[in-house]
Structure formats: C-alpha cells, structure tokens
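Engineer: Counting in this note's numbering, the sequence shown runs from 5 upward without gaps.
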Amino acid sequence: MPASRSRDVPVPLGGDPYAVLGLTPQATSAEIKAAYRALVKCHHPDAGGDEERIVALNAAWEVLRDEQSRRRYDAAQAAPRHASASGEGPPRQGQARSGADADAQLLAWLQKVYAPIDRLLAQVINPFPQQLRELSADPYDDRLMEAFCAFLEQSRARLEKVEQLYRSMAAPSCAQGFSLSLYHCLSQVQDALIELERYTMGYVDSYLRDGREMLREAKRRRSLLQQERRRLEI
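#1: Can you tell me where the alpha helix (DSSP H) with residue 204 in it begins and where it stops?
#2: So what's residue 175 in DSSP terms, helix, strand or just coil?
#3: Just to confirm before moving on: does the CB-CB distance between residue 121 and residue 219 stay below 8 Å?
#4: Determine the DSSP secondary structure at residue 170, reduced to helix, strand or coil.
#5: Using CA coordinates, which residue listed in 131, 174, 183, 147 is at the minimum distance from residue 158?
#6: Is the Cβ of residue 117 closer than 8 Å to any Cβ of chain B?
#7: If residue 184 sits next to residue 106, beta carbons under 8 Å apart, how far is it from one beta carbon to the other, in whole angstroms?
#8: Please identify the residue among 209, 53, 115 whose C-alpha is closest to the C-alpha of residue 170.
#9: Between residue 43 and residue 35, is the Cβ-Cβ spacing less than 8 Å?
#10: Answer with buried or exposed for residue 190, where buried requires no fewer than 16 other C-beta atoms within 10 angstroms of its C-beta.
#11: Which of the three DSSP states, helix, strand or coil, is assigned to residue 27?
#12: Identify the continuous alpha helix (DSSP H) that holds residue 3 and give its terminal residues.
#13: Just the Cα atoms here: how many angstroms apart are residue 111 and residue 161?
#14: Kindly indicate which residue of 21, 126, 58 has the alpha-carbon position closest to the one of residue 70.
#15: Determine, using beta carbons only, whether residue 163 and residue 193 come nearer to each other than 8 Å.
#16: From residue 80 to residue 72, what does the alpha carbon distance come to, in whole angstroms?
#17: By Cβ distance, which residues of its chain are closer than 6 Å to residue 175, with the 5 residues on each side in sequence left out?
#18: Taking the Cβ atom as the reference point for each residue, do residue 127 and residue 155 lie within a distance shorter than 8 Å?
#19: Report yes if the CB atom of residue 181 is closer than 8 Å to the CB atom of residue 60, and no otherwise.
#20: Do residue 138 and residue 119 have their CB atoms nearer than 8 Å?
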C-alpha cells in the first residue's frame, strides 16, 4: 500500500509534496494521511530520524491535508503544463523577472519576520540558565521568586510580539519548510513558559524540569534554523 511503499522514497526538503510523501497526485486523502503518519513515525528525530526530513514531511502535509489548499496546489501545477502544451510559455526575460521577484520576497520575509523573531527568541532562551541559577539559590526566597516571575512575564510579552510578527507576512513558497520549523521552535518556547509558570505556583519539580528541557530543545531548534538560514541563497 502507498504508506508502506513511501518509506523507501528519499524525502527532499521542499519540492513536490506528493513526492515527499512517496505518492502520486491521484492519491486519496486517506492514503495521504496514512503515508504522512507512517513517515513521521519512521523519521522522527526521537526515533533516530533526520530533522530535515521531518521539516519536509510537515511542509508537504500542510499543503495536502486540506482539500482546498490541495486543489490550489494542483491547479498551480497544472497551469505551467497547460501553457507549455499550448506554446504560451513566458519569455526568458519574464522568467528572470519572476526569479528576481521570488528572491526579493524571500529576502523581505527573512528581514522583516525571521530576523526579529530570532532576536526575540534569543532574549527568552539565552538568559534562562542564569535566571534559573539565581532562583536555585533559594526557590522559597520571595525576592528571587519575584525576579524569576518578572523574567517569565517579560518572556511572555516577547512571545506575543513573535506571534504578531509570524502572522504579519506569509512565508514565500520556497521557505515554507523553514517557516514551519520556526513555528515549532516558537511553540516549544511557549510550552516551556507554561510549565515554568506552573512551577512558580506550586513548586512542583517536574514542571521546572520539563520547562528546562523544553527550552533546551528550543535552543537546539534555533541553532538548526540559523544553520538553515545560512544555506539559503540570499
């Protein structure tokens, strides 16, 4: 069946979402869901898989999981084929112009969305170890706890700005996988803050431990994003 066959198909970062899932455009919605679930289970980093494969799988799923977005993608792919068959392909000058426009869109998104988001995430992730060390001196000291709570409050405010920035401009098609990874990093930091706030209300060590590990994972994800950013041709 398609889901099992797709396990052996190389998963490129980006490109045709059907190829990413090892399927054809004739695949049913059930086959798409089954292939996605099987591949995510097989390639998840926790199971020894590859981070870039997961990014590609999630990007493909975002395109194909919804019938409306799938129809838009299929229509967009059919348009160039129709133009080629009818001899109405754009001139080479138009192709160059289109490429320049795509580069400009990517650069604008990186400068206006990714760069400020990265700075804000750093202002939450990087100071946390020092904040935790100070609190660890005496978690029951009201002054130290107030300082830690103030850090969490400032972090929440920064994440609100991050969400606004993320929604302010859609990522260009060539950066959809990158944008999805950025959202996962943001979600990891948000979940960490929730756990840390729970700790401040009841001193339950498991909340502190989970929050700390989530921020460590967010730091790792941010580092991978920075590496991927340097590989972008801009």
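Note that the Cβ used here is the ideal one computed from N, Cα and C, for glycine as well.
Structural biologist: On the basis of the data shown:
#1: 180-206
#2: coil
#3: no
#4: helix
#5: 131
#6: Absent here is chain B; the protein component of the structure consists of one chain.
#7: At roughly 18 Å, the Cβ-Cβ gap does not stay under 8 Å, so residue 184 and residue 106 are not in contact.
#8: 115
#9: no
#10: buried
#11: coil
#12: This structure leaves residue 3 out entirely; the chain is present only between 5 and 238.
#13: 26 Å
#14: 21
#15: yes
#16: 12 Å
#17: 113, 183
#18: no
#19: yes
#20: no
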